[in-house]
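Counting in the working numbering, the sequence shown runs from 100 upward without gaps. To keep things clear, I will list the structure first and then write my remarks on it.
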Amino acid sequence: MRRNDALVISGLILGIIALGFLREYVFVSMNEQLFALWNDKESRITGFITIIKSLSYYQLYYFKWFLTALFSGLFYGWSLLILKRLFHDYHWKELGVVYLLLIGIAIITMLIGWPLGKLNESYIIARFFMGIAQSPLPLMLMIPAIFLRAKSQP
100 MRRNDALVIS
110 GLILGIIALG
120 FLREYVFVSM
130 NEQLFALWND
140 KESRITGFIT
150 IIKSLSYYQL
160 YYFKWFLTAL
170 FSGLFYGWSL
180 LILKRLFHDY
190 HWKELGVVYL
200 LLIGIAIITM
210 LIGWPLGKLN
220 ESYIIARFFM
230 GIAQSPLPLM
240 LMIPAIFLRA
250 KSQP
């Protein structure tokens with residue numbers, strides 16, 4: 100690996116880590132604001148995220164769904180860039196299957212829990228799988244899987 104490639108890959112890895120911290124900061128702040136609105140209390144959020152204080156409870160609630168999809172897409176795209184730099188191929192189909200499975204399991208879980216009256220329980224499971232989609236974990240699984248596949252082929 101050339102020095103330039105190593106620097107770019109290091110930058111991309113630092114970028115995906117920073118994206119994870121940004122996502123965590125945004126969602127924790129939104130949850131704090133949702134808690135404050137629901138319980139009619141003063142919000143303790145600070146920093147640039149205070150712009151969400153102008154949103155109503157349901158506006159913020161539905162905005163979180165949008166951000167969930169956005170961050171999943173950002174992690175997917177960022178992972179593709181890292182895979183391209185590491186393996187000179189995007190491996191978008193394989194990574195896409197991983198993301199479709201994660202999102203599909205989350206949706207199916209919610210669809211099963213809804214008619215059974217177990218929406219809160221199914222939400223916890225769906226949130227777990229969507230949390231994986233909004234993290235570097237799929238990338239961390241893909242890298243050794245691609246290496247293993249390459250070694251097993253003659």
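Note that the Cβ used here is the ideal one computed from N, Cα and C, for glycine as well.
Where residue i sits in the DSSP three-state scheme
| i | result |
| --- | --- |
| residue 138 | coil |
| residue 189 | coil |
| residue 173 | helix |
| residue 80 | Here the chain covers residues 100 to 253 and nothing more, so residue 80 does not appear. |
| residue 164 | helix |
| residue 215 | coil |
Limits of the unbroken alpha helix (DSSP H) element including residue i
| i | result |
| --- | --- |
| residue 224 | 218-232 |
| residue 237 | 236-251 |
Inter-residue CB distance, residue i and residue j (contact presumed, cutoff 8 Å)
| i | j | result |
| --- | --- | --- |
| residue 224 | residue 208 | 5 Å |
| residue 116 | residue 181 | Not a contact, Cβ separation roughly 11 Å. |
| residue 157 | residue 175 | Rounded, the Cβ-Cβ distance is 28 Å, inconsistent with contact. |
Length of the line joining the Cα atoms of residue i and residue j
| i | j | result |
| --- | --- | --- |
| residue 142 | residue 131 | 7 Å |
| residue 151 | residue 118 | 19 Å |
| residue 243 | residue 103 | 22 Å |
| residue 129 | residue 187 | 38 Å |
| residue 229 | residue 190 | 21 Å |
| residue 184 | residue 214 | 45 Å |
| residue 211 | residue 201 | 16 Å |
| residue 196 | residue 148 | 33 Å |
| residue 121 | residue 206 | 25 Å |
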